[in-house]
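One structure is given here, and the rest of the page talks about it.
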Ligand code: DX5
Ligand code: ZN
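In the numbering used here, the protein residues as written are 1461 to 1683.
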């Protein structure tokens, strides 16, 4: 079995109790905290920044924090997230004038780096950056909001990017974000994903553990 990881998106958590919510979802079996940073400019919504990331670390969250930057420009905020305790920092190539430089900023700060592709963005942008990537994140919805439906063409893109990763020889996580639930997670894993973001599916349920366990049992069906 591949090394599957569940990344719980706290975008759908109760923001007034964020520390408790993050702790609870980790106790329920989530591996990563997925941290959606939105700026009301690159995407039409506004969430949280480095101070909240730091607050989660101070609260005692030890698991990897997977920071997904939906901001433009990206470079100025990267250092703040490195200092705030981010583990992964991923960004959209459309948010940076110099993608290679932004990746270097993240790596030089000691964090894992990744690129995020929107549903209409071609994998071409990955080709010459494979050596600098620890994560490739494919959006299976348009970024900005939780609770949207999975876009089926992501499955073909997952297969294409999985091939690219295998051919590169680098160890790169293939993450998928948007509309993941207990019904489609196995299909998404079959297409090549190994890291699964889920927001609404987990936090929209009263029993986080039941949802995460069901997702993990679906993944056990994949060889
Ligand atoms: C969307 C965010 C996602 C979002 C996914 O822009 O990047 O991480 O939280 O939420 P669900 O799982 O509800 O589709
Ligand atoms: Zn996200």
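A virtual CB, placed ideally from N, CA and C, is assigned to each residue, including glycine.
Close-in-space but distant-in-sequence residues of the same chain around residue i (CB under 6 angstroms, 5 per side omitted)
i	result
residue 1473	1481, 1663
residue 1529	1497, 1551
residue 1557	none
Integer Cβ distance of residue i from residue j, believed to fall under 8 angstroms
i	j	result
residue 1672	residue 1490	6 angstroms
residue 1479	residue 1516	6 angstroms
residue 1598	residue 1618	6 angstroms
Proximal residues to residue i (C-beta, below 8 angstroms), its chain only, five neighbours per side dropped
i	result
residue 1600	1579, 1610, 1611, 1614, 1636, 1637, 1638, 1639, 1640, 1648
residue 1592	1560, 1563, 1564, 1567, 1573
Proximity test, residue i beta-carbon vs the ligand ZN heavy atom, cut-off 6 angstroms
i	result
residue 1552	no
residue 1496	yes
residue 1528	yes
residue 1637	yes
Residues of its chain near residue i, where Cβ-Cβ distance is below 7 angstroms and the 5 sequence neighbours each way are ignored
i	result
residue 1572	1547, 1548, 1594, 1595
As assigned by DSSP and simplified to three states, the class of residue i
i	result
residue 1594	coil
residue 1557	coil
residue 1655	strand
residue 1499	strand
residue 1574	strand
residue 1614	helix
Check: residue i C-beta below 6 angstroms from any heavy atom of the ligand DX5
i	result
residue 1469	yes
residue 1583	no
residue 1473	no
Sub-7 angstroms separation of residue i and residue j beta-carbons
i	j	result
residue 1555	residue 1534	yes
residue 1409	residue 1657	This structure leaves residue 1409 out entirely; the chain is present only between 1461 and 1683.
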